[in-house]
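**Student:**
In UniProt numbering, the protein residues as written are 1 to 183.
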């Protein structure tokens with residue numbers, strides 16, 4: 001599956017969700033249904049493209065943005081954040097990879113009570129769920145995706161950022177820092 005087809009499926013799913021910022025799981029559910037009508041090979045292609053996007057977005061500057069936005073971000077938390085970012089669609093995704101500080105235009109600095117972060121873990125499992133629903137064999141999905149997907153590097157790309165250095169965060173991500181460090 002090529003990138004345009006991948007994003008086309010994401011946009012189809014997003015169209016059925018009222019507020020993708022707050023409901024990345026709704027996008028994941030809709031996307032699982034959309035993929036449920038595809039052939040097994042197409043679902044694997046979707047998973048392979050998702051894996052490529054995850055590797056491309058494994059960057060210090062984006063992780064720092066996730067750290068600010070979610071008041072912290074473990075490695076798993078960063079993965080889930082990137083799932084949430086996928087649910088925001090191609091335009092927001094590409095803008096965030098060009099300039100992670102652009103996410104200040106997307107997120108709401110007012111965190112409601114019980115806020116657990118901008119989390120889209122469900123987006124990371126859409127392909128495996130759709131494949132399992134179709135074939136009953138989730139393990140075959142992961143084997144096929146792992147065969148074609150790039151490996152995640154040991155370290156994120158770019159210059160390392162100390163997430164506890166507020167001055168560095170303010171320099172690199174001034175708009176997000178203004179929302180979340182000064183709040």
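The beta-carbon is built from N, C-alpha and C at its ideal position, and this holds for glycine as well.
Could you tell me whether the region 166-180 touches the region 93-104, using the rule of 3 or more Cβ pairs below 8 Å?
**Tutor:** Yes: at least three Cβ pairs fall under 8 Å.
**Student:** Determine, using beta-carbon pairs with one atom in the region 129-143 and one in the region 51-59, whether at least three such pairs fall under 8 Å.
**Tutor:** No, they do not touch.
**Student:** What's the call for residue 74, buried or exposed, on a 16-neighbour Cβ count within 10 Å?
**Tutor:** The residue is exposed, with fewer than 16 neighbouring Cβ atoms inside 10 Å.
**Student:** Can you find the residues in the same chain that come closer than 6 Å, C-beta to C-beta, to residue 128, ignoring five residues on each side of it along the sequence?
**Tutor:** Correct list, in chain order: 138, 141.
**Student:** I believe residue 124 touches residue 83 by the beta-carbon criterion, under 8 Å. Please report the beta-carbon distance rounded to the nearest angstrom.
**Tutor:** Yes, residue 124 and residue 83 are in contact; Cβ-Cβ is about 5 Å, under 8 Å.
**Student:** Within a Cβ cutoff of 8 Å, which residues of the same chain sit near residue 120, ignoring the five residues on either side of it in sequence?
**Tutor:** Excluding positions up to five away in sequence, the list reads 24, 25, 27, 28, 80, 81, 82, 83, 84, 85, 86, 87.
**Student:** If we call anything under 9 Å between Cβ atoms a contact, is residue 189 one with residue 68?
**Tutor:** This structure does not reach residue 189, given that the chain is present from 1 up to 183, and the question cannot be answered.
**Student:** Is residue 73 helix, strand or coil when you go by DSSP?
**Tutor:** Coil at residue 73, not helix or strand.
**Student:** Starting from residue 54, follow the alpha helix (DSSP H) in both directions and report where the run begins and ends.
**Tutor:** First-last of the alpha helix (DSSP H) with residue 54: 40-56.
**Student:** Spatial neighbours of residue 131 within its chain, please: CB distance less than 6 Å, with the 5 preceding and 5 following residues excluded, ordered by chain position.
**Tutor:** Cβ neighbours of residue 131 beyond the five flanking positions: 43, 141.
**Student:** To which residues of the same chain is residue 46 closer than 7 Å at the C-beta, ignoring the five residues directly before and after it?
**Tutor:** Cβ within range, chain order: 1, 6, 9, 35, 127.
**Student:** Considering only C-alpha positions, which residue in the set 154, 60, 118, 96 is nearest to residue 169?
**Tutor:** The candidate whose alpha carbon is nearest that of residue 169 is 60.
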